[in-house]
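Just so you know, the sequences run in chain order V and X. Last residue of the first sequence: number 391 in my numbering, and the count goes up by one each step with no gaps. Last residue of the second sequence: number 782 in my numbering, and the count goes up by one each step with no gaps. Backbone N, C-alpha and C fix where the C-beta goes; we use that ideal spot for every residue, glycine too.
Protein chains: 2
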Amino acid sequence: MNNLMRDVAIVGIGQTPVGELWDRSLRHLGHDAIMAAMQDAGIETADALFVGNMLSGELAGQQHLATLLADFVGLRGIEAAKIEAACASGAAALRVGMMAVASGMADVVIVAGVEKMTDTLPAETTAALATAGDQEYEVAEGATFLALNAMLMRRYMHEYSVPHAAFAPFPVNAHQNAAGNPNAMFPMAISDARYAKAPVVAPPINIMDSSPICDGAAAVVLVPAERAADYGLDKRTVRIAASASATDTLAIHDRREPLFLEAAYLSSHKAYAQAGLTPADIDLFELHDAFSIMSVLSLEACGFAARGQGIALGESGAITRDGKIPITTMGGLKARGHPVGATGLYQVVEVVQQLRGEAGPNQLPHPHIGMTQNIGGSGATIITHILVGQD
Amino acid sequence: MNNLMRDVAIVGIGQTPVGELWDRSLRHLGHDAIMAAMQDAGIETADALFVGNMLSGELAGQQHLATLLADFVGLRGIEAAKIEAACASGAAALRVGMMAVASGMADVVIVAGVEKMTDTLPAETTAALATAGDQEYEVAEGATFLALNAMLMRRYMHEYSVPHAAFAPFPVNAHQNAAGNPNAMFPMAISDARYAKAPVVAPPINIMDSSPICDGAAAVVLVPAERAADYGLDKRTVRIAASASATDTLAIHDRREPLFLEAAYLSSHKAYAQAGLTPADIDLFELHDAFSIMSVLSLEACGFAARGQGIALGESGAITRDGKIPITTMGGLKARGHPVGATGLYQVVEVVQQLRGEAGPNQLPHPHIGMTQNIGGSGATIITHILVGQD
Numbered sequence: 001m002n003n004l005m006r007d008v009a010i011v012g013i014g015q016t017p018v019g020e021l022w023d024r025s026l027r028h029l030g031h032d033a034i035m036a037a038m039q040d041a042g043i044e045t046a047d048a049l050f051v052g053n054m055l056s057g058e059l060a061g062q063q064h065l066a067t068l069l070a071d072f073v074g075l076r077g078i079e080a081a082k083i084e085a086a087c088a089s090g091a092a093a094l095r096v097g098m099m100a101v102a103s104g105m106a107d108v109v110i111v112a113g114v115e116k117m118t119d120t121l122p123a124e125t126t127a128a129l130a131t132a133g134d135q136e137y138e139v140a141e142g143a144t145f146l147a148l149n150a151m152l153m154r155r156y157m158h159e160y161s162v163p164h165a166a167f168a169p170f171p172v173n174a175h176q177n178a179a180g181n182p183n184a185m186f187p188m189a190i191s192d193a194r195y196a197k198a199p200v201v202a203p204p205i206n207i208m209d210s211s212p213i214c215d216g217a218a219a220v221v222l223v224p225a226e227r228a229a230d231y232g233l234d235k236r237t238v239r240i241a242a243s244a245s246a247t248d249t250l251a252i253h254d255r256r257e258p259l260f261l262e263a264a265y266l267s268s269h270k271a272y273a274q275a276g277l278t279p280a281d282i283d284l285f286e287l288h289d290a291f292s293i294m295s296v297l298s299l300e301a302c303g304f305a306a307r308g309q310g311i312a313l314g315e316s317g318a319i320t321r322d323g324k325i326p327i328t329t330m331g332g333l334k335a336r337g338h339p340v341g342a343t344g345l346y347q348v349v350e351v352v353q354q355l356r357g358e359a360g361p362n363q364l365p366h367p368h369i370g371m372t373q374n375i376g377g378s379g380a381t382i383i384t385h386i387l388v389g390q391d
Numbered sequence: 392m393n394n395l396m397r398d399v400a401i402v403g404i405g406q407t408p409v410g411e412l413w414d415r416s417l418r419h420l421g422h423d424a425i426m427a428a429m430q431d432a433g434i435e436t437a438d439a440l441f442v443g444n445m446l447s448g449e450l451a452g453q454q455h456l457a458t459l460l461a462d463f464v465g466l467r468g469i470e471a472a473k474i475e476a477a478c479a480s481g482a483a484a485l486r487v488g489m490m491a492v493a494s495g496m497a498d499v500v501i502v503a504g505v506e507k508m509t510d511t512l513p514a515e516t517t518a519a520l521a522t523a524g525d526q527e528y529e530v531a532e533g534a535t536f537l538a539l540n541a542m543l544m545r546r547y548m549h550e551y552s553v554p555h556a557a558f559a560p561f562p563v564n565a566h567q568n569a570a571g572n573p574n575a576m577f578p579m580a581i582s583d584a585r586y587a588k589a590p591v592v593a594p595p596i597n598i599m600d601s602s603p604i605c606d607g608a609a610a611v612v613l614v615p616a617e618r619a620a621d622y623g624l625d626k627r628t629v630r631i632a633a634s635a636s637a638t639d640t641l642a643i644h645d646r647r648e649p650l651f652l653e654a655a656y657l658s659s660h661k662a663y664a665q666a667g668l669t670p671a672d673i674d675l676f677e678l679h680d681a682f683s684i685m686s687v688l689s690l691e692a693c694g695f696a697a698r699g700q701g702i703a704l705g706e707s708g709a710i711t712r713d714g715k716i717p718i719t720t721m722g723g724l725k726a727r728g729h730p731v732g733a734t735g736l737y738q739v740v741e742v743v744q745q746l747r748g749e750a751g752p753n754q755l756p757h758p759h760i761g762m763t764q765n766i767g768g769s770g771a772t773i774i775t776h777i778l779v780g781q782d
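In structure tokens:
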């Protein structure tokens with residue numbers, strides 16, 4: 001199980017800025033990220049394109065997106081397919097790309113994540129996002145993802161006697177890091193006081209606890225690790241040391257323990273086993289901070305903090321770029337932005353930037369091992385990747 | 392290229408009847424097909440579930456479908472993702488399942504195709520299907536798939552001086568075969584006269600040229616070929632000898648030659664090369680007869696007839712169960728039905744039935760090699776599989 005037939009390396013990365021990109025349509029966003037990744041890898045063609053996307057059908061009236069993009073970037077004829085796993089679509093597409101290379105079915109694969117969420121009314125986008133929940137048992141009752149996360153956050157505050165202010169370190173760290181990322185949607189630091197005074201959107205969640213609705217695209221180029229030296233010649237190679245996906249119920253009320261992300265536990269521990277590593281070996285962790293509460297639950301399930309102690313990890317400063325386990329080093333979902341189907345690829349692109357030493361003002365000193373975790377729904381699909389840089 | 396690290400076998404198949412299944416919801420349809428396939432393979436768990444589906448978001452308000460189904464069939468925790476390539480979603484999901492097994496990332500994989508199209512108004516379903524076309528250059532002008540195929544059929548009739556009546560053998564053969572398939576939506580033979588008198592829906596396409604809007608689900612279980620003997624013990628093993636996907640422009644007006652399915656040519660000829668076969672070796676061909684014209688264009692692009700000669704192949708009787716190259720042996724998209732994201736899996740399940748000798752009254756005498764071809768859009772994504780039975 002999970003013994004890859006061929007190791008896989010990332011030899012090219014590309015991304016667009018994240019924001020309300022009204023001058024670029026869905027196909028243009030995909031084009032921009034894919035062309036940047038191809039240029040970074042020094043390739044002019046590929047065997048396949050896999051696209052992570054959640055909402056192109058609902059919000060742009062465009063299914064069949066991967067084939068459309070393959071043609072639009074000049075690769076008419078190659079294999080193409082779209083992969084969907086709600087907000088984990090990006091990492092799910094990366095796994096398919098890895099399988100294509102590792103299986104021998106392809107040698108050069110492009111994986112892109114693309115999402116366009118701001119061309120529709122906010123209420124339409126919110127309703128479309130709710131399709132990640134259980135339609136018959138959650139959404140039909142009026143649940144949005146904001147409401148579901150608000151219930152989780154309130155339960156956590158009750159269970160562990162935590163005040164709302166204790167969550168401040170997560171958005172404060174994300175915004176601090178976004179300030180150094182030219183592609184971030186909100187590149188400005190915020191204070192604890194600003195967090196405390198932020199408008200509440202679904203109590204106890206305030207606007208600083210919530211990632212934004214936005215547009216963006218990111219892409220990577222994958223090749224067999226043994227051929228990585230032939231591509232992206234002036235770049236340090238990044239190897240995918242582990243990749244694992246796990247699932248849970250869509251509906252939160254069906255879970256054994258709503259405050260324990262079982263799929264995060266499963267996928268992270270499978271990934272540790274594949275790479276022969278422990279949480280202590282991870283130099284940075286791009287986690288899925290769609291809401292502040294998700295950062296805390298993810299850190300606990302992945303073994304960086306005991307249950308109920310994720311908050312203390314934030315308060316200790318361990319999550320900052322100077323800390324023991326830096327998270328959201330380029331701004332995370334909160335401040336870089338969360339174009340849902342693209343997020344999993346942004347996380348991977350940012351870890352590659354850090355491992356290559358290309359993270360600009362946000363560069364960590366000599367990171368060697370980076371982890372990403374992409375979450376679909378309120379914890380129903382969770383995908384973990386561990387990337388290892390070259391010395 | 393395309394040298395699989397591990398060969399892959401199909402050791403379980405399952406399907407639901409196709410029709411207007413108002414008493415089964417999306418999750419129930421998936422459940423029924425998956426449980427049938429698991430029972431057929433004799434398995435109680437799996438490593439991953441990949442689901443081919445096009446329209447669950449638009450028509451049922453349910454994305455994140457694969458994870459929902461994994462939980463609903465009792466496999467909470469396993470990897471799950473949905474694969475979308477318009478009407479080729481089923482075969483695209485099968486390819487991902489193959490990659491998972493061939494790469495060593497999984498040992499036992501379930502691939503299901505699920506679609507529910509009859510719970511919405513026909514106009515809504517038609518609009519949702521149109522998202523497989525180019526939204527900005529075709530759909531915005533009012534094109535539906537019926538309209539696009541009508542243009543292709545009219546052009547073919549003009550180009551090769553073919554009367555409409557010459558297409559009759561395709562729906563007549565499909566309905567003849569559906570009569571022996573208990574899962575078919577329209578299990579009744581039709582005559583040439585009935586074809587000639589059928590109501591026109593978009594000239595020159597009449598209702599007998601068009602596959603129906605319907606619900607259905609089909610599934611297969613994949614394992615490494617070297618372990619196939621451990622599963623489905625009383626069944627004859629079926630090996631996937633070839634799998635290839637190719638793409639073209641979404642918009643028909645961008646193609647070099649609209650009457651030549653370049654992606655069908657590419658994917659079928661890649662598949663022939665992988666399997667070391669030629670069209671003459673194929674004992675049956677489950678092609679994508681969403682419209683009569685598509686059968687003709689597919690037969691020509693795949694080398695069963697010269698260009699402009701697909702019609703003659705139909706008239707010769709070669710496409711019937713007694714002919715040289717039997718097609719749509721269980722009714723095809725026209726008469727078994729076309730629940731879009733499920734179709735690619737129905738085709739594979741039916742070929743497995745034939746290769747195992749389980750096709751009932753429609754059983755071909757000793758078929759050994761079967762081919763399937765699943766088409767997304769009006770020829771934009773085309774995926775070919777070649778399956779080989781045990782002697």
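C-alpha distance - residue i paired with residue j, whole-angstrom precision
| i | j | result |
| --- | --- | --- |
| A184(V) | L345(V) | 14 angstroms |
| T720(X) | E79(V) | 28 angstroms |
| A86(V) | A484(X) | 17 angstroms |
| I684(X) | N568(X) | 19 angstroms |
| A70(V) | V502(X) | 24 angstroms |
| V351(V) | L259(V) | 27 angstroms |
| C214(V) | L21(V) | 8 angstroms |
| G389(V) | V221(V) | 15 angstroms |
| P615(X) | K626(X) | 16 angstroms |
| L59(V) | E124(V) | 8 angstroms |
| A637(X) | S769(X) | 13 angstroms |
| A589(X) | G495(X) | 51 angstroms |
| P560(X) | D600(X) | 11 angstroms |
| T343(V) | K661(X) | 34 angstroms |
| P279(V) | E617(X) | 36 angstroms |
Neighbouring residues, chain V, relative to residue i (Cβ below 9 angstroms)
| i | result |
| --- | --- |
| D639(X) | T67, D71, R76, G77 |
| M445(X) | G57, Q63, H64 |
| S636(X) | A48, I78, E79, A80, A81 |
| G735(X) | The contacting residues do not exist; G735(X) stays about 12 angstroms from chain V at best. |
Beta carbon proximity, residue i to chain X, threshold 8 angstroms
| i | result |
| --- | --- |
| E124(V) | no |
| E257(V) | no |
| R6(V) | yes |
| M157(V) | no |
| T381(V) | yes |
| G341(V) | no |
| V139(V) | yes |
| N2(V) | Annotation note: pLDDT 47 at N2(V) (below 50); position unreliable, coordinate value reported separately. Cβ-Cβ to chain X under 8 angstroms: yes for N2(V). |
Chain-order list of residues whose beta-carbon lies under 6 angstroms from that of residue i (same chain, five-residue window excluded)
| i | result |
| --- | --- |
| D254(V) | none |
| H422(X) | F463, V464 |
| A242(V) | A271, Q274, A275, I386 |
| A593(X) | L537, A538, A541 |
Contact set between residue i and chain X, taken where Cβ atoms lie within less than 8 angstroms
| i | result |
| --- | --- |
| K82(V) | I474, E475, A476 |
Cβ separation of residue i and residue j, assumed to be a contact under 8 angstroms, to the nearest whole Å
| i | j | result |
| --- | --- | --- |
| G232(V) | D40(V) | 6 angstroms |
Chain X contact residues for residue i, given Cβ-Cβ distances below 7 angstroms
| i | result |
| --- | --- |
| A132(V) | Q454, H455 |
Neighbouring residues, chain V, relative to residue i (Cβ below 7 angstroms)
| i | result |
| --- | --- |
| A491(X) | M99 |
| A451(X) | Q135 |
Where residue i meets chain X, residues with beta-carbon distance less than 9 angstroms
| i | result |
| --- | --- |
| L94(V) | What L94(V) touches in chain X: nothing, since even the nearest Cβ is about 11 angstroms away. |
Own chain, CB closer than 7 angstroms to residue i, minus 5 neighbours either side, in chain order
| i | result |
| --- | --- |
| Y784(X) | Nothing about residue 784(X) can be read from this structure; chain X reaches only from 392 to 782. |
Residue i at chain V interface by Cβ criterion, 8 angstroms
| i | result |
| --- | --- |
| Q799(X) | For residue 799(X) there is no data in the structure shown, the boundaries of chain X being 392 and 782. |
| S391(X) | No answer is possible for residue 391(X): it lies beyond the span of chain X, which begins at 392 and ends at 782. |
| L657(X) | yes |
| S494(X) | yes |
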